[in-house]
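Novice: Please see the structure below; I have some questions.
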Amino acid sequence: RAARTDESTSTVIRSALRTYPLSAAGQLPKNESLMLMIQRQRTTETVDADGRLPEKLRKTYRDEGFILHEDKKLIIFTKKINLSILKQNKHWFANGTFKACPDDYYQLFILHAMMTDAITPLVYGLLIGKSAEDYNLFFEKVLKQDNFQPESIVTDFETGTIRSVKDMLPNILHKGCLFHFSQAVWRQVQTGRKKPQFDHKLWNIHDRVVATVPRPNNSVECWHNAFADRVAISHPTIVKPGEKIRCEQSKFEVALTKILQSHDIKTKKACYRKLNERITRLANSFDPTQLDQFKKKAANIAI
């Protein structure tokens, strides 16, 4: 079981002990010894001496090439079909995850796009840092693959991300995630800082509400949290997140096939759909001469 599954060591032990004969329990080694026995059954693949990924991570489960770029500073996982979907869909979302990132890298940075009503991960990058230069290198390798013309991108409020989007996508409408902005505001309140930290255009989302484009990165945040849960280990070797990325790619390929066959792959709950409709109506009714009335209406909006 240890060799066949990617369950955690403790899960394998607990599963094995559920029906283990009590009459033989005294002969079992200590728990630490059991964990070592399980870990020895698992081959730990990693990059080779030249820094190259294991061969199986270089292809999808359907045996297609999956590496766009690979060196010691950056690894990018994607396929031509992913980039084609990225080009077709004009609203992009980007975020990074740190917990599920391998030790040799700083973060797993992922570029998502809005495909029908679902926000879908399309490009996965292992970055060694979070500076503008790190993000610039990622965007440079992606953008040179085609003539991308995105209309908007939503990111967090990392300084490096903001600078990079300004450098690499100067004509795009860049918005910060509402959730991350709320966190940034709270940090600013706690420090007593008065000067606005972020440009008004970055955090104001009125135009996105009117255009019925997703406001925060909620779907992206949920995806990253779920991905970290599936990896299940903090800062694993590159194989574990690499395998999970391949699984995500397989799931995307199935979803894409269903979309091309006119299937809905995700239906928003009625309560959230109605809430978004109310917020859109409110935004469209904004009148600066009736600000007090507008604020009262906004305060009463809830699920």
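Using UniProt numbering, the letters of the sequence shown correspond one by one to residues 1 to 303.
Every residue gets a Cβ at the ideal spot worked out from N, C-alpha and C, and that includes glycine.
Just so you know, these numbers come straight off a predicted model, no measurement behind them.
1. Three-state secondary structure (DSSP) at Tyr124?
2. With burial defined as no fewer than 16 other Cβ atoms inside 10 Å of the residue's Cβ, what is the status of Leu291: buried or exposed?
3. Leaving out five residues on either side along the sequence, give the residues of the same chain with a beta carbon under 6 Å from the beta carbon of His235.
4. Quick one: what's got a C-beta closer than 7 Å to Val220's C-beta in the same chain, skipping five residues either side?
5. What separation, rounded to the nearest whole angstrom, lies between the Cα atoms of Asp146 and Leu86?
6. When you compare the CB positions of Tyr124 and Glu243, do they come within less than 9 Å of one another, or not?
7. Would the beta-carbon of Leu127 fall within 9 Å of that of Lys73?
8. What does a CB cutoff of less than 6 Å around Ile67 pick up in its chain, not counting 5 residues either side in sequence?
9. How would you write the range of the alpha helix (DSSP H) that Phe252 sits in, first residue to last?
10. Which residues share a DSSP beta bridge with Gln290?
11. My output table needs one value for Gln145: the three-state DSSP class, helix, strand or coil.
12. Give me whichever residues DSSP pairs with Phe93 in a beta bridge.
13. Is it right to say Ser285 is buried, meaning 16 or more other beta carbons lie within 10 angstroms of its own, or is it exposed?
14. Which of the three DSSP states, helix, strand or coil, is assigned to Ala118?
15. Spell out the partners DSSP gives Glu55 in its beta bridges.
16. Measure the beta-carbon distance from Val154 to Lys175 and round it to whole angstroms, keeping in mind my assumption that it falls under 8 Å.
17. Terminal residues of the continuous beta strand (DSSP E) containing Glu70?
18. How many whole angstroms separate the CB atoms of Met115 and Asn89, which I take to be in contact at a CB cut-off of 8 Å?
19. With distances taken Cα to Cα, identify the nearest neighbour of Phe98 among Thr159, His224, Val254.
20. Figure out for me which residue from Lys141, Leu122, Glu158, Leu143 has the closest Cα to the Cα of Ala132.
21. Does the Cβ of Phe181 have 16 or more other Cβ atoms within 10 Å, making it buried, or fewer, making it exposed?
22. If you run the structure through DSSP and keep just helix, strand and coil, what is Ala299?
23. Do you know offhand how far Asp229's Cα is from Gln293's?
24. Pull the bridge partners of Gly176 from the DSSP assignment, please.
25. Specify the secondary structure class of Ile233 as computed by DSSP and reduced to three states.
26. Within 10 angstroms of its Cβ, does Ser23 collect 16 or more other Cβ (buried), or is it exposed?
27. Give the C-beta separation of Glu70 and Arg52 to the nearest angstrom, bearing in mind that I take them to be a contact with Cβ-Cβ under 8 Å.
Specialist: According to the structure shown:
1. On the sequence shown, position 124 is the one that residue 124 refers to. Looking at Tyr124 - three-state DSSP - the assignment turns out to be strand.
2. Within the sequence shown, numbered from 1, the residue matching residue 291 stands at position 291. Leu291 should be labelled exposed.
3. As a position in the sequence shown, residue 235 is number 235, starting the count at 1. Excluding positions up to five away in sequence, the list reads Asp103.
4. As a first step, residue 220 must be located in the sequence shown, where it is residue number 220. Excluding five sequence positions before and after Val220, the CB atoms of its chain that fall closer than 7 Å to its own CB belong to Phe93, Asn95, His112, Ile119, given in chain order.
5. Position 146 of the sequence shown, counted from the first residue, corresponds to residue 146. Position 86 of the sequence shown, counted from the first residue, corresponds to residue 86. Taking the straight line from one Cα to the other gives about 10 Å.
6. Walking along the sequence shown from the start, residue 124 turns up at place 124. Walking along the sequence shown from the start, residue 243 turns up at place 243. Not closer than 9 Å, so no.
7. Numbered from its first residue, the sequence shown carries residue 127 at position 127. Numbered from its first residue, the sequence shown carries residue 73 at position 73. Yes, they are a contact pair.
8. In the sequence shown, the residue the question calls residue 67 occupies position 67. Same-chain partners within the cutoff: Arg58.
9. For the purposes of this step, residue 252 is taken as the residue at position 252 of the sequence shown. That run of the alpha helix (DSSP H) goes 239 to 260.
10. As a working mapping, residue 290 is identified with position 290 in the sequence shown. BP columns for Gln290 are empty, so no partner.
11. Taking the first residue of the sequence shown as position 1, residue 145 is located at position 145. Three-state DSSP puts Gln145 in coil, outside helix and strand.
12. Here residue 93 refers to the residue found at position 93 of the sequence shown. According to DSSP, which records beta bridges pairwise, Phe93 is partnered with His112, Val154.
13. Against the sequence shown, residue 285 aligns to sequence position 285. Answer is exposed; the Cβ neighbour count stays below 16.
14. Counting from one through the sequence shown, the residue named residue 118 turns up at place 118. In the three-state reduction of the DSSP assignment, Ala118 falls in the strand class, which pools E and B.
15. As a first step, residue 55 must be located in the sequence shown, where it is residue number 55. Residue pairing from DSSP leaves Glu55 without any beta-bridge partner.
16. As a position in the sequence shown, residue 154 is number 154, starting the count at 1. As a position in the sequence shown, residue 175 is number 175, starting the count at 1. Confirmed, about 5 Å.
17. Position 70 of the sequence shown, counting from 1, holds the residue named residue 70. Boundaries of the beta strand (DSSP E) harbouring Glu70: 67 to 70, taken from the DSSP string.
18. For the purposes of this step, residue 115 is identified with residue 115 of the sequence shown, where counting begins at 1. For the purposes of this step, residue 89 is identified with residue 89 of the sequence shown, where counting begins at 1. Between Met115 and Asn89 a beta carbon distance of about 6 Å is seen, short of the 8 Å cut, so the two are scored as contacting.
19. Along the sequence shown, read from residue 1 onward, the residue named residue 98 stands at position 98. Checking every option, the nearest Cα to that of Phe98 belongs to His224.
20. Within the sequence shown, residue 132 is the residue found at index 132, counting from 1. For Ala132, the closest alpha carbon among the candidates Lys141, Leu122, Glu158, Leu143 is that of Glu158.
21. For the purposes of this step, residue 181 is taken as the residue at position 181 of the sequence shown. Low local confidence applies: a pLDDT of 46 at Phe181 is under 50, so the model's placement there is unreliable, with the coordinate-based value given in what follows. Answer is buried; the Cβ neighbour count reaches 16.
22. For the purposes of this step, residue 299 is taken as residue 299 along the sequence shown, with counting starting at 1. Looking at Ala299 - three-state DSSP - the assignment turns out to be helix.
23. Here residue 229 is taken as the residue at index 229 of the sequence shown, counted from 1. Here residue 293 is taken as the residue at index 293 of the sequence shown, counted from 1. Computed Cα separation, rounded: 44 Å.
24. As a working mapping, residue 176 is identified with position 176 in the sequence shown. According to DSSP, Gly176 shares a beta bridge with Thr155.
25. Here residue 233 refers to the residue found at position 233 of the sequence shown. In the structure shown, Ile233 sits in coil (DSSP, three-state: anything other than H, G, I, E or B).
26. One-based indexing of the sequence shown puts residue 23 at position 23. The residue in question, Ser23, is exposed, as its Cβ has fewer than 16 Cβ neighbours within 10 Å.
27. Here residue 70 is taken as the residue at index 70 of the sequence shown, counted from 1. Here residue 52 is taken as the residue at index 52 of the sequence shown, counted from 1. With a Cβ gap of about 7 Å, Glu70 and Arg52 count as contacting.
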